[in-house]
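Following: one structure in structure tokens, then a few remarks.
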């Protein structure tokens, strides 16, 4: 009987586990959250022990399926460290974990379809969603929407979200430029073209797209293609026996993740499916539609903190040409998050690329290593 280890219990990992088990494999499913489902299907009951993969041994179990998902990209702007300014998916996760949101004024801002899903969820929990702020222009979004007519399931999802968000303003070509308040968020400054205005809010849920969690694939030596793990038609990476599925192979939503998980799980169990993937075109459409606009590169002032863990400002790192020099001189990217927040931001703002990944990929207690 094949033994398959799956890292990540979101939609891709769960689909992989089901497919591998159906193929007769003994499956071990690991995740760093106390309940499976990832951000999309985050559950309420604890059924898994929390497990962090901090590195790997020279001989690691294969087949191995990596479904480590993605995280939000944050872009610094004045006031983004105020209490009340959160990630879009981050606020959703907090509310699912028990944060009271009823009657709170929320602005959901950034880019991508996730904004609609988050706004609809918060509204269903009693939040007063003041506005959805999308940085992409309406012409791009309209063209993207027209392309969905050939995909009924995605079109139905979009229509359902639209119904749930009736009377919530959806402003395109718009983005937050500052947040202000006395010790916590009170107002958000928004810009659309040459016009700026202030809107009151208790929460600003802000996310500028998703960034794949590539630490483990890179640690294992998997090749990348256009910023994602390169895989073949059976979801196998360049490293034999290591399969990858979901957002780490391209940000494309839950249907893509489930499809790739099924393919990877079946292949890992020795029962390969005849893979027919229609997701690559959708991934490309998403990337083109919600590409970040140039104006966002100028949001942060020299006094704006870009590395929250180490309190490093944009002005402090401006003399440096790359990650290594900035780390040596300022500790930027060396805090608790290990560059997971400031890294994608500085990749966009400065063009800095991650130079290396070394174990442990998460901060780890000495007792755990022992």
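In the numbering used here, the protein residues as written are 1 to 370.
Using N, Cα and C, we set each Cβ at its ideal position, and we do this for glycine too.
Coil, strand or helix - residue i by DSSP
i: residue 24; result: coil
i: residue 239; result: coil
i: residue 271; result: coil
i: residue 44; result: Only weak support is given to the placement of residue 44: the predicted model assigns it a pLDDT of 47, under 50, and the question is left unresolved by the model.
i: residue 262; result: helix
i: residue 356; result: coil
i: residue 78; result: coil
i: residue 218; result: helix
i: residue 294; result: helix
i: residue 179; result: strand
i: residue 281; result: helix
i: residue 18; result: helix
i: residue 224; result: strand
Range covered by the alpha helix (DSSP H) that runs through residue i
i: residue 64; result: Careful: residue 64 lies outside any alpha helix (DSSP H), inside the beta strand (DSSP E) at 64-66.
i: residue 392; result: There is simply no residue 392 to check, as the chain begins at 1 and stops at 370 in what is shown.
i: residue 212; result: Looking at the DSSP string, residue 212 is not in any alpha helix (DSSP H); the run it does join, the beta strand (DSSP E), is 210-212.
i: residue 152; result: 152-164
i: residue 362; result: First-last for residue 362: undefined, no H or E at that position.
i: residue 119; result: 114-124
i: residue 348; result: 342-350
i: residue 145; result: 138-147
Environment of residue i [buried if 16+ CB atoms lie within 10 Å]
i: residue 149; result: exposed
i: residue 46; result: Residue confidence is low: residue 46 scores 44 on pLDDT, short of 50, so the model does not pin down where it sits. Its coordinate-derived value is still stated next. Residue 46 is exposed by the Cβ-count criterion.
i: residue 208; result: buried
i: residue 41; result: exposed
i: residue 44; result: Its pLDDT being 47, under 50, residue 44 is placed unreliably in this model, and the value from its coordinates should be taken loosely. Exposed, by the Cβ-count rule.
i: residue 213; result: buried
i: residue 12; result: buried
i: residue 31; result: buried
i: residue 83; result: exposed
i: residue 286; result: buried
i: residue 6; result: buried
Identity of the residues DSSP links to residue i by a beta bridge
i: residue 255; result: In the DSSP output, where bridge partners are listed per residue, residue 255 has none listed.
i: residue 133; result: 109, 171
i: residue 204; result: 85, 107
i: residue 5; result: 28, 64
i: residue 313; result: 305
i: residue 197; result: 190
i: residue 327; result: In the DSSP output, where bridge partners are listed per residue, residue 327 has none listed.
i: residue 229; result: 224
Segment limits, beta strand (DSSP E) that includes residue i
i: residue 96; result: Unbroken run through residue 96 is the alpha helix (DSSP H), 88-96; no beta strand (DSSP E).
i: residue 70; result: 70-72
i: residue 187; result: 187-192
Near the ligand MG: residue i beta-carbon under 8 Å from a heavy atom
i: residue 187; result: Ligands displayed in this structure: none; no statement on the ligand MG is therefore possible.
Point to revise | the region 67-78 in contact with the region 342-351 per 3-pair CB rule at 8 Å | key: yes
Point to revise | Inter-stretch contact (C-beta, 8 Å, three-pair minimum) for the region 322-337 and the region 188-207 | key: no
Check your understanding: Pairing CB atoms from the region 158-172 with CB atoms from the region 308-319, are three or more of them under 8 Å?
Key -> no
Practice item. Tell me, please, whether the region 287-302 touches the region 258-267 by the rule of three or more beta-carbon pairs shorter than 8 Å. Key: no
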